[in-house]
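What follows is a short report on a single structure.
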Amino acid sequence: MQRKFHRMNLADRRFRSLKPANCLFTLMVVCLILQAVVSVCSEKMYATEPAASATSFVSTDAKSKAEQTKKTMGVVAADCKKCHPSEVAAWMKTVHFQSPDERLYKFEGNTKKYATAMGLTSADLQGDSMCADCHGTKAVRDGKVKVISGVSCEKCHGAAGGEDGWLNRHQSYHENMPITRAEETPEHRAERLKFCDQAGMKRSSDIYGLSKSCFKCHIVGNEKLIAAGHKAASAFDFVSWTGGEVKHNFLVDKTKNADAPSLWMERTGGTAENRRRMKFVVGTLVQLETALRARANATNPAVIPQISGIIAAANGKLSQINAAAPTPEVQAVINLITPMFGTLFAPLPTDKETYTKAADEVAEQAKLFSRKYDGADFPKLDSVIKRYPPHYSQQFQDKYLNK
Ligand code: HEC
Ligand code: HEC
Ligand code: HEC
Ligand code: HEC
Numbered sequence: 001m002q003r004k005f006h007r008m009n010l011a012d013r014r015f016r017s018l019k020p021a022n023c024l025f026t027l028m029v030v031c032l033i034l035q036a037v038v039s040v041c042s043e044k045m046y047a048t049e050p051a052a053s054a055t056s057f058v059s060t061d062a063k064s065k066a067e068q069t070k071k072t073m074g075v076v077a078a079d080c081k082k083c084h085p086s087e088v089a090a091w092m093k094t095v096h097f098q099s100p101d102e103r104l105y106k107f108e109g110n111t112k113k114y115a116t117a118m119g120l121t122s123a124d125l126q127g128d129s130m131c132a133d134c135h136g137t138k139a140v141r142d143g144k145v146k147v148i149s150g151v152s153c154e155k156c157h158g159a160a161g162g163e164d165g166w167l168n169r170h171q172s173y174h175e176n177m178p179i180t181r182a183e184e185t186p187e188h189r190a191e192r193l194k195f196c197d198q199a200g201m202k203r204s205s206d207i208y209g210l211s212k213s214c215f216k217c218h219i220v221g222n223e224k225l226i227a228a229g230h231k232a233a234s235a236f237d238f239v240s241w242t243g244g245e246v247k248h249n250f251l252v253d254k255t256k257n258a259d260a261p262s263l264w265m266e267r268t269g270g271t272a273e274n275r276r277r278m279k280f281v282v283g284t285l286v287q288l289e290t291a292l293r294a295r296a297n298a299t300n301p302a303v304i305p306q307i308s309g310i311i312a313a314a315n316g317k318l319s320q321i322n323a324a325a326p327t328p329e330v331q332a333v334i335n336l337i338t339p340m341f342g343t344l345f346a347p348l349p350t351d352k353e354t355y356t357k358a359a360d361e362v363a364e365q366a367k368l369f370s371r372k373y374d375g376a377d378f379p380k381l382d383s384v385i386k387r388y389p390p391h392y393s394q395q396f397q398d399k400y401l402n403k
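Each residue of the sequence shown is one higher than the one before, counting from 1 in full-length UniProt numbering.
Right, here's the structure in full:
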């Protein structure tokens, strides 16, 4: 399988990375030092994987939506399918893939209702509309921003293109020799993965970043849209919602959809069980963080209760987590949020400041948690997680499961 990747690499010059040798050397030295520091500082860190690096936490968030759009290549243009055929096939069965057809291009029912309330026409929904931020993938084609597909790979894994994009480098095990994954030197791998993280790629090791991608869409911040009747949020859980319809862990074996990212398991020795525990806690913290940011911007007394409800629900889940697996990080977040309940449901002039500060603090604890633990210490979480089974949309069940 790996040989095949490489023959293709050589055949396709687009995927070659061009990095000056001197720059590479410096990077390698820096990487080695960093790796040493990391392995000394945190014994919990998996041995061969560089830290779910702090850099990836900042990269894409700081970049504007427009810049992300500019760097988005699209599944076809980037030819993800050439090397990830099973992932693409799995994606094409999801409502993510179908969303533009269902929600943007049929100007009827609730689509028409929400769009009209936002002052958008049928023609608007075909192009660069706010709806397409969540119901599709935008990219620049012929100098114009267009909807190029449903919610695609890069909406979750980060835009891949641009001069410093991750597409070329993420799959190149050597600068100019066709070698296998197993033959790549640890130094090269560390440098490659660091490059990808800095380029905004959200890899499997970055649970915080990946869950953040989901909540950007699955918690709706726009008050006007919510006031028009659009849901404020999905009944979302990061473990269950990545475990069903959306699951596509085929990297090591194209015929087997593993329970956790197969490449990540191979590289780190991590288990699906431990990963679920980490995803459950970090995902819930990110849910809370995102809802707090939406609450910071909310001013409409009719909408605030809906957003505050998400905060209350996430906080409740954290209490269950803390009862089964007590940690100082989750405790700190509960201590922070619980006293806020007195004013959570009422608009106040200082909301923006209060809730932004709280969100920043929750984000810090989430990152700390994801760096400090690997899930092995929390077996008691499993009985809580069991209450959130793999999730499938109704459409998916009708088409693929109930037959
Ligand atoms: C030329 C082949 C090729 C193409 C094209 C390609 N990939 Fe990959 N991809 C790979 C290989 C090989 C790996 C394994 C890399 C490794 O060992 O770290 C990989 C790994 C990944 C991973 C997992 C990384 C991790 O560390 O968890 C993601 C996510 C990914 N690719 C997404 C994409 C997306 C999205 C596209 C299209 C925009 C794409 N790839 C295009 C070959 C390719
Ligand atoms: C912040 C992201 C976001 C934005 C912006 C957004 N949506 Fe949605 N929309 C979602 C999500 C997520 C769902 C699925 C909710 C669920 O879990 O059921 C959804 C569901 C829907 C549905 C199906 C459920 C229903 O209420 O009938 C329609 C129709 C819809 N959106 C239309 C629109 C239109 C039209 C716009 C623009 C005016 C828009 N959306 C903007 C994220 C968004
Ligand atoms: C770009 C926005 C966006 C991102 C990012 C995103 N989603 Fe979605 N997701 C949607 C929208 C919109 C829908 C509803 C589609 C529709 O009904 O048209 C949806 C639907 C779903 C559904 C089906 C739910 C149902 O019951 O119908 C699942 C499962 C899901 N998303 C999981 C995830 C997970 C897990 C992540 C992160 C790893 C994620 N999504 C990231 C926009 C997004
Ligand atoms: C809705 C968000 C979302 C979309 C869309 C998405 N991914 Fe992923 N991807 C994830 C998440 C989350 C994981 C980690 C899954 C886990 O923890 O079980 C992942 C894992 C992966 C992996 C690692 C699998 C392994 O076995 O190691 C690859 C490769 C990958 N994705 C490629 C793709 C490609 C290619 C596409 C587009 C066809 C795509 N992804 C679309 C969210 C997404």
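Every residue gets a Cβ at the ideal spot worked out from N, C-alpha and C, and that includes glycine.
{"Check": "Minimum C-alpha distance to LYS247 - residue among ASP237, ALA260, HIS230, ALA233", "Outcome": "ALA260"}
{"Check": "Stretch pair the stretch 85–105 + the stretch 371–391: three plus CB contacts closer than 8 Å", "Outcome": "no"}
{"Check": "Selection from THR72, SER152, LEU120, GLY74 that minimises the alpha carbon distance to MET92", "Outcome": "SER152"}
{"Check": "Buried versus exposed call for ARG295 [16 or more other C-beta atoms within 10 Å across all chains shown]", "Outcome": "buried"}
{"Check": "Burial state of VAL281 (16 or more Cβ within 10 Å)", "Outcome": "buried"}
{"Check": "Three-state secondary structure assigned by DSSP to THR137", "Outcome": "strand"}
{"Check": "VAL303 - containing alpha helix (DSSP H), residue span", "Outcome": "Premise fails: VAL303 is in no alpha helix (DSSP H) and is neither H nor E."}
{"Check": "Local Cβ density within 10 Å of ASP101, reported as buried at 16 or more and exposed below that", "Outcome": "exposed"}
{"Check": "Inter-residue Cα distance where the pair is GLY209 and HIS170", "Outcome": "17 Å"}
{"Check": "Closer than 6 Å to ligand 2: residues, by C-beta to nearest heavy atom, in chain order", "Outcome": "ARG103, ASN110, THR111, TYR114, ALA115, MET118, LEU120, MET130, CYS131, ASP133, CYS134, HIS135, CYS217, HIS218, VAL220, ASN222, LEU225, HIS230, LYS231, SER234"}
{"Check": "Through-space distance from ASP128 to SER122, alpha-carbon basis", "Outcome": "12 Å"}
{"Check": "Assumed close pair ASP164, ALA132 - CB separation to whole angstroms, cut-off 8 Å", "Outcome": "With a Cβ gap of about 26 Å, ASP164 and ALA132 do not count as contacting."}
{"Check": "Rounded separation between PHE341 and GLY316 - CA only", "Outcome": "12 Å"}
{"Check": "Heavy atom of ligand 4 within 7 Å of GLU184 beta-carbon", "Outcome": "no"}
{"Check": "Per-residue burial, MET265 [other beta carbons within 10 Å of its own, 16 or more giving buried]", "Outcome": "buried"}
{"Check": "Selection from ASP237, TRP241, VAL239, HIS218 that minimises the alpha carbon distance to HIS230", "Outcome": "HIS218"}
{"Check": "Backbone secondary structure at ARG277 - three-state DSSP", "Outcome": "helix"}
{"Check": "At least three beta-carbon pairs within less than 8 Å, the stretch 182–199 to the stretch 270–278", "Outcome": "no"}
{"Check": "Assigned secondary structure, ALA235 (DSSP; H/G/I helix, E/B strand, else coil)", "Outcome": "coil"}
{"Check": "According to DSSP, residues forming a beta bridge with SER149", "Outcome": "THR137"}
{"Check": "Local conformation of LYS144 per DSSP, three classes", "Outcome": "strand"}
{"Check": "LYS254 CB to nearest heavy atom of ligand 1 below 7 Å", "Outcome": "no"}
{"Check": "Sufficient close CB pairs (3 or more, under 8 Å) joining the stretch 283–301 to the stretch 359–371", "Outcome": "yes"}
{"Check": "Contact between the stretch 347–355 and the stretch 234–247 (3+ Cβ pairs under 8 Å)", "Outcome": "no"}
{"Check": "Contact test: ARG371 Cβ vs ligand 1 heavy atom, cutoff 7 Å", "Outcome": "no"}
{"Check": "Contact belief for TRP241 with HIS135 at Cβ below 8 Å, rounded distance in angstroms", "Outcome": "17 Å between Cβ atoms; not a contact."}
{"Check": "Three-state secondary structure (DSSP) of ILE219", "Outcome": "strand"}
{"Check": "Burial state of TYR114 (16 or more Cβ within 10 Å)", "Outcome": "buried"}
{"Check": "Same chain, Cβ closer than 8 Å to GLN98, five either side skipped, listed in chain order", "Outcome": "GLY150, GLN395"}
{"Check": "Whole-angstrom distance between LYS146 and LYS138, CA atom to CA atom", "Outcome": "5 Å"}
{"Check": "Closest Cα partner of SER211 within the set CYS80, THR290, THR111", "Outcome": "THR290"}
{"Check": "Proximity test, VAL140 beta-carbon vs ligand 4 heavy atom, cut-off 7 Å", "Outcome": "no"}
{"Check": "Buried/exposed call for ASP377, threshold 16 Cβ in 10 Å", "Outcome": "exposed"}
{"Check": "Other residues of its chain near ILE179: CB distance less than 6 Å, five sequence neighbours each side excluded", "Outcome": "TYR173"}
{"Check": "Beta-carbon proximity check, THR72 vs GLU184, cutoff 8 Å", "Outcome": "no"}
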